[in-house]
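This report refers to the structure that appears directly beneath it.
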Amino acid sequence: LTELLHFAALGTAGGLKQPSWCHLHHQKKVKGVNVVILEGLSQSHFYKNYLTMEHLRTNYTTRVTFTPSPISVASGIFSSDVPKLDRPPVPKSDDKLHKAVKHHPVIKKYGTQKRGVTAYVLTQEEMIKNHFPVRGIRGFEDFSCTKNNVRVTDDSPLYGLDCEMCLTEKGHELTRVSLVDSDGNCVLDELVKPQSRVLNYLTKFSGITAAMLQPITTTLRVVQAKLRMLLPGDAVLVGHSLNNDLIALKLIHQHVIDTSLLYKKELGQKFKLKVLAEMVLKRQIQTDENNGHNPTEDAAAALELAQYFIKTGPHQVVELHLEELWGYKPKEESSECSPAPSHRHETY
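Read in order, the letters of the sequence shown correspond to residues 1 to 348 in the working numbering.
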């Protein structure tokens, strides 16, 4: 959504490309962008009262469904990076590729040298900026804390984490959690009973159905206790948009690596985990469109992406995947790094 808002407001004159998931025609004629956020209302409310909402029904005919997030839409919009319009273009010369790498957002963030695990663990400031639950921050008072009582080193173990959620009367609640160790072995895969009445199981994304949860008695507190027991004091949790998973778990863990931030795009945009797995790991995930995602598969993919980045180093990662991930082609006249059109998605 932020990608669309940026382009609608600034367009190509601001150095932006069309959004990866839709096409906005005649952007130059856009005189203003208005965003209306109705907190507490969902798509189901609209369709339940479809006939009575004549104005919405007839004047707003383009409707898009996004993957739900525990973070408010407003927070996501206002915390996103604002494009820098004075970004220097890459010169059209023999060292074009070198310049593209030099000015790449990954290189600007992490440099060119190979470094260990600790270089990629988010600082507390970065965690707050990216909406991670942090001890002492308002809104996370009732969150459980893991035993982060050991200093993280480059030898600290990595664990991949992924969760699935449903929509309840109180918002998004956990329905499944998966944890994999440094070798990719699944050490936890649990279905979890939501505390509140379920409004939507979000089966398309989560794979969770009412029948699956009907016999389940495992609660959020039980899962929190299991994670505290499984994770050593210096464990580093790895995930893709991991803040969403920790919020669903109501869990604070201070040592994290987020692959959605590790493989940076320009302008604060993020790659989908499915795209990174396909382009970097050469592996297909999330292939079953009818039964949702497999959190164990997603947790393992995020873990492997982080391990690959650390082992390979930022410079080589960018050089190896500059074209397929960031859309840069040295032979082209265009000098901008832009998303490859072959990876566009119709919906989220």
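A virtual CB, placed ideally from N, CA and C, is assigned to each residue, including glycine. Predicted, not measured: the structure shown is a model, and the values here were computed from it.
Between Leu199 and Val223, how many whole angstroms is the CB-CB distance? I'm expecting something under 8 Å. Not quite, the Cβ-Cβ distance comes to about 21 Å (not below 8 Å), so this is no contact.
DSSP-derived helix/strand/coil call for Glu169: coil
By the three-class DSSP mapping on this structure, what secondary structure does Thr175 have? Strand, per DSSP.
Neighbour-count burial assignment, Met229, 16 or more Cβ in a 10 Å radius: exposed
What separation, rounded to the nearest whole angstrom, lies between the Cα atoms of Ala301 and Asp189? Approximately 15 Å between the Cα atoms of the pair.
Per-residue burial, Asp288 [other beta carbons within 10 Å of its own, 16 or more giving buried]: exposed
Work out the CA separation of Leu213 and Val152 for me, nearest whole Å. 37 Å
Does any C-beta atom of chain C lie closer than 8 Å to the C-beta of Leu230? Of the chains in the structure shown, none is chain C; there is only one protein chain.
Taking the C-alpha atoms as reference points, what is the distance between Val236 and Thr58? Those two C-alpha atoms are separated by around 50 Å.
Which class does Asn291 belong to by DSSP, given the choice of helix, strand or coil? coil
Three-way DSSP call (helix, strand, coil) for Asn243 in this model: helix
Pick from Thr219, Asn148 and Gly136: whose alpha carbon is nearest that of Gln254? Comparing alpha carbon positions, the residue from Thr219, Asn148 and Gly136 closest to Gln254 is Asn148.
Would you call His104 buried or exposed, if buried means 16 or more other Cβ atoms sit within 10 Å of its Cβ? buried
For the alpha helix (DSSP H) containing Ile107, name the first residue and the last one. Pro105 to Tyr110
Asn294 burial status per 10 Å Cβ neighbour count (16 or more: buried): buried
Count the other CB atoms, across all protein chains shown, that sit within 10 Å of the CB of Tyr60; report buried if there are 16 or more and exposed otherwise. exposed
Extent of the continuous beta strand (DSSP E) to which Leu273 belongs: That residue, Leu273, is in no beta strand (DSSP E); its alpha helix (DSSP H) goes Leu273 to Met279.
Taking 8 Å as the threshold (C-beta atoms), are Tyr201 and Cys163 in contact? Result no, Cβ atoms of Cys163 and Tyr201 do not sit closer than 8 Å.
Within 10 angstroms of its Cβ, does Asp155 collect 16 or more other Cβ (buried), or is it exposed? exposed
Going along the chain, which residues of its own chain have a beta-carbon closer than 7 Å to the beta-carbon of Met279, five neighbours each way excluded? Once the five neighbours on either side are set aside, the close Cβ partners of Met279 are His321, Glu324 and Leu325.
Tell me, which residues are paired with Glu190 by DSSP? Val177
For Ile208, the nearest candidate out of Arg221, Cys22, Lys193 and Asn130 (CA to CA): Lys193
Take the Cβ of Ile257 as the centre, count every other Cβ of all protein chains shown within 10 Å, and call the residue buried at 16 or more, exposed below. It is buried - the Cβ of Ile257 has at least 16 other Cβ atoms within 10 Å.
Looking only at its own chain, which residues have a Cβ that is under 7 Å from the Cβ of Phe140, when we skip the five neighbours before and after it? Pro133, Val134 and Ile252
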